[in-house]
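Data block below; observations after.
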Amino acid sequence: MMWMLGLWMLCVACEDKDLTPPDPEKGPEESVEVEPFDNIPSLSEMVVYEVNLRAFSASGNLDGVRQRLDHIQSLGVNVLWLMPIYPIGIENGVNSPYAISDYKEVNPEFGTLNDLIKLVNEAHRRDMAVIMDWVGNHTAWDHLWMEHKDWYSQDAEGNIIAPPGTGWTDVAELNFANQDMRDEMISDMTYWIHHAGIDGYRCDAVDFVPEDFWSEAIVAVDASTTKSLIWLAEGGIVENFQAGFAFNYGWDFYGKIKGIYSEDQSASGIFVTNEQEFNVVPDGKTKLRYITNHDLYAWDETPTEVYGEQGSVGAFVSTAFMAGVPLIYSGQEVANSELISFFGKNPINWSQNPEILSQYQSVMAARASVVDILTGDLAIYGQKDVIVFKHTKGTEEVLVVVNTRDKEVVLPVPAELQGTTWTNLLTESSRDIGSELVLSTKEYLILKTR
1 MMWMLGLWML CVACEDKDLT PPDPEKGPEE SVEVEPFDNI PSLSEMVVYE VNLRAFSASG
61 NLDGVRQRLD HIQSLGVNVL WLMPIYPIGI ENGVNSPYAI SDYKEVNPEF GTLNDLIKLV
121 NEAHRRDMAV IMDWVGNHTA WDHLWMEHKD WYSQDAEGNI IAPPGTGWTD VAELNFANQD
181 MRDEMISDMT YWIHHAGIDG YRCDAVDFVP EDFWSEAIVA VDASTTKSLI WLAEGGIVEN
241 FQAGFAFNYG WDFYGKIKGI YSEDQSASGI FVTNEQEFNV VPDGKTKLRY ITNHDLYAWD
301 ETPTEVYGEQ GSVGAFVSTA FMAGVPLIYS GQEVANSELI SFFGKNPINW SQNPEILSQY
361 QSVMAARASV VDILTGDLAI YGQKDVIVFK HTKGTEEVLV VVNTRDKEVV LPVPAELQGT
421 TWTNLLTESS RDIGSELVLS TKEYLILKTR
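Mapping of the sequence shown onto our numbering: position 243 corresponds to residue 243, and the numbering continues sequentially without gaps.
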């Protein structure tokens, strides 16, 4: 069955390739100037949006993203993460953008370097930083570097190998014992900072690569610019921070929020997981929090299947307001009902579920209005069915209440919250809290002291 899947994906690859020859009448494209930008948001203010280029627009390219930047901005986003934009390998390939054949080119399927620069410039004009995916552990089998066999891991017979134990047969593992390869990779990472004006990287499979490489690379790339670059690790260990990454994945938090909604686990468990994750996070660092991402939405389940359509918004509220940097992945904000591939074009229907999009926009506007308070002290209230927590900074407080169940829930209100009056940030109306709160199915509240 696996060979059939691989054959099907290879066919998809052929279908998605732009085989149109260049028009000799047009001549060389005039270069676009990179506009200066240094307004990188702080970690406490960041909201990241992950763009699956093949799904984000009907054109499936960089220009399709540029044309919908207002949509992304309407969600309070200030960091745009582009999934890999590089040429994809053909040999042993399945059309995965994570099988890269050249680290210093733009995949013609997605456009040109000029298209990338235009997108970055337009994002910057909206005060959105842009980070790109960096795939450092492996390359495609027909990457330019294949002429340097010693740049790759080899078996006892001297054959270049795929990353062991992964099943990733479309890629070849790099050899980080080779300093020439490391130097060239760092040079290539620096290239995009200066030639496209990007503001950092989300680094793929970080824990597969030696920590000392990341330490070397981050120091070197940081030193090449006056910007405070963004470094996000697809990793989950404390060594990510020691290497210089500012934040890494909240994998355990995702697993717990999913378990609360889909397995009827106690809602209070989310606070235990939150504390455990942050126990090993150094000061000045944080976690990426999400209810889905490109891997989950492609292979596992849609947010609607995990949380319910309305529940997916409440689950996102919990991740966006508790702690860490919130992530929104292409399509989640309209509760896209089907799995979203990134191995072939799979355009999202942006007209679906406008009420879900409206909720996301309102939730993120509310978050932006109180983002400073979210850095204050966290108080938690253990409940079986409802996630309840409060942030306090000075005299200001934000109270978040999320019913995680497919039923009405009567919540006994903790004594310290009884008899208090709040402003509902989603309706701008006053809300008095007595001895109990009656919450409708999957209802959530975002309240601020008056």
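Just so you know, even glycine gets a beta-carbon here, dropped at the ideal spot from N, CA and C.
Treat the numbers as computed from the prediction; the structure is a model and nothing was measured.
Exercise for review: Indicate whether residue 152 and residue 173 have their beta-carbon atoms separated by less than 8 Å.
Suggested key: yes
**Study point:** Contact under 8 Å by Cβ, residue 171 with residue 177
**Key:** no
Check your understanding: How would you label residue 287, buried or exposed, when you count the other beta carbons within 10 angstroms and need 16 or more for buried?
Key -> buried
Review point. Going along the chain, which residues of its own chain have a beta-carbon closer than 6 Å to the beta-carbon of residue 293, five neighbours each way excluded?
Key: 329
Exercise for review: Indicate, with yes or no, if the ligand COA has a heavy atom lying under 7 Å from the CB of residue 357.
Suggested key: The ligand content of the structure shown is nil, which means the ligand COA is not present either.
Point to revise | Three-state secondary structure (DSSP) of residue 168 | key: coil
Exercise for review: With distances taken Cα to Cα, identify the nearest neighbour of residue 341 among 351, 301 and 355.
Suggested key: 301
Review point. Where does residue 425 sit, in a helix, a strand or coil, going by DSSP?
Key: coil
Point to revise | Within 8 Å, strictly: CB atoms of residue 76 and residue 48 | key: no
Check your understanding: From residue 147 to residue 36, what does the alpha carbon distance come to, in whole angstroms?
Key -> 36 Å
Point to revise | Anticipated Cβ contact below 8 Å, residue 40 with residue 129, distance rounded | key: 5 Å
Check your understanding: Roughly how many angstroms separate the alpha carbons of residue 220 and residue 243, rounded to a whole number?
Key -> 12 Å
Check your understanding: Is residue 91 near residue 142, with beta carbons less than 8 Å apart?
Key -> yes
Point to revise | Rounded straight-line distance, which links the Cα of residue 157 to that of residue 351 | key: 55 Å
Review point. What residue range is occupied by the uninterrupted beta strand (DSSP E) comprising residue 133?
Key: 129 to 135
Check your understanding: Which class does residue 405 belong to by DSSP, given the choice of helix, strand or coil?
Key -> coil
Point to revise | Nearest-angstrom Cα separation, counted from residue 343 out to residue 229 | key: 29 Å
Practice item. Leaving aside the five residues before and after residue 309 along the sequence, list all residues of the same chain whose C-beta is less than 6 Å from its C-beta, in chain order. Key: 335
Practice item. Locate the beta strand (DSSP E) running through residue 391, then write down its first and last residues. Key: 386 to 393
**Study point:** Option nearest residue 285 by Cα separation, candidates 315, 305, 237 and 312
**Key:** 237
**Study point:** Inter-residue CB distance, residue 137 and residue 204 (contact presumed, cutoff 8 Å)
**Key:** 7 Å
Point to revise | Three-state secondary structure (DSSP) of residue 219 | key: helix
Check your understanding: Counting pairs of Cβ atoms below 8 Å between the region 248 to 257 and the region 315 to 323, do you hit three or more?
Key -> yes
Review point. Nearest-angstrom Cα distance between residue 411 and residue 436?
Key: 5 Å
Exercise for review: Rounded to whole angstroms, what's the CA-CA distance from residue 449 to residue 421? Just pull it up for me.
Suggested key: 7 Å
**Study point:** Nearest candidate by alpha-carbon position, reference residue 413, set 407, 400 and 159
**Key:** 400
Point to revise | Where residue 36 falls: helix, strand or coil (DSSP) | key: coil
Review point. In this structure, does DSSP put residue 148 in helix, strand or coil?
Key: coil
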